[in-house]
Ligand code: 13P
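Residue numbers (the working numbering): 2 to 252.
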């Protein structure tokens with residue numbers, strides 16, 4: 002089953018207007034035909050600006066890093082999934098470990114967000130992953146199974162094509178410690194086995210200290226269909242190099 006490789010930049014709460022403009026100037030200097038999906042999730046505030054640039058360059062799709070489980074109303078500071086869809090945003094990341102840990106988002110809340118975003122036609126990157134303590138206590142697969150079953154409860158079959166999963170071991174995020182390709186592949190194969198519909202076609206990304214010098218060893222694995230990248234996606238040269246690696250891999 003063919004799955005397209007995706008390189009997704011999660012810019013988190015970074016980048017000024019000046020840095021964004023430099024990023025795209027640098028990107029445009031590096032001539033290369035992209036043969037993978039290149040997505041970027043900037044801060045919500047910058048989505049319209051990136052949409053405009055993406056429209057002109059035609060190569061990058063733009064998404065959000067989070068959204069509310071409600072469409073509209075008295076939810077000060079939240080990001081409406083309805084508004085995201087209305088603005089032509091392509092995807093939304095849901096359940097990033099920073100949302101789970103810092104903002105205490107539960108699997109039950111994330112499930113509501115996933116279903117709501119999918120109902121508006123947004124693609125969803127649903128993130129799962131274990132902490133170091135959980136891995137050391139041999140709880141990785143149990144945690145992943147729980148995050149998958151609770152977070153994706155009642156997933157409508159006709160929306161499954163819009164779902165992507167990101168496996169991000171919490172201990173590998175921003176630490177410079179990447180999971181080995183074997184550890185990642187084991188988790189990805191398990192995650193695929195937990196999908197009740199569309200399993201063979203679902204794109205599963207790896208995230209956690211992905212860099213141009215370690216991406217190749219990850220992408221050759223059967224069940225790793227791309228990367229969700231933090232730090233390295235902020236630099237045009239690195240982002241382009243990651244897309245370059247992804248462009249030569251075929252699944
Ligand atoms: P780093 O690539 O900086 O480790 O971040 C990974 C991540 O959290 C992407 O969502």
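Every residue, glycine too, gets a C-beta built ideally from N, C-alpha and C.
Ranking 69, 114, 83 and 246 by CA distance to the CA of residue 155 puts 114 first. Around the CB of residue 149, 16 or more other CB atoms lie within 10 Å, so the residue is classed as buried.
Within the segment 38–88, the beta strand (DSSP E) runs of at least 3 residues that lie entirely inside it are, in chain order, 38–42 and 61–65. Separation of the CB atoms of residue 48 and residue 21 is rounded to 11 Å, and the pair is thereby denied contact status at 8 Å. No heavy atom of the ligand 13P is found nearer than 7 Å to the CB of residue 67. Within its own chain, the residues whose Cβ lies closer than 6 Å to the Cβ of residue 220, once the five positions on either side in sequence are excluded, are 250, listed in chain order. Linking residue 206 to residue 6 through their CA atoms gives a straight-line distance of about 9 Å. Where residue 216 is concerned, the enclosing alpha helix (DSSP H) starts and stops at 216–220. Contact between the segment 180–198 and the segment 210–225 is present, with at least three C-beta pairs closer than 8 Å.
By the neighbour-count criterion, in which 16 or more other beta carbons inside 10 Å mark a residue as buried, residue 78 falls on the exposed side. Taking each of 101, 166, 84 and 109 in turn and checking the Cα distance to residue 152, the smallest one comes out for 109. Within the same chain, 43 come within 6 Å of residue 12 by CB-CB distance, once the 5 residues on both sides are set aside.
Per DSSP, the beta-bridge partners of residue 128 are 167.
Beyond the five residues adjoining it in sequence on each side, residue 98 comes within less than 7 Å, by CB distance, of 128, 130, 169, 171 and 174 in the same chain, given in chain order. Not one heavy atom of the ligand 13P lies closer than 7 Å to the C-beta of residue 29. A distance below 8 Å separates the beta carbons of residue 82 and residue 118.
Cβ neighbours of residue 224 within its own chain (closer than 7 Å, five residues either side excluded): 186, 189, 190, 193 and 205. Per DSSP, reduced to three states, the secondary structure at residue 229 is strand. With a cutoff of 7 Å, residue 215 does not count as near the ligand 13P, since its C-beta is closer than that to no heavy atom of the ligand.
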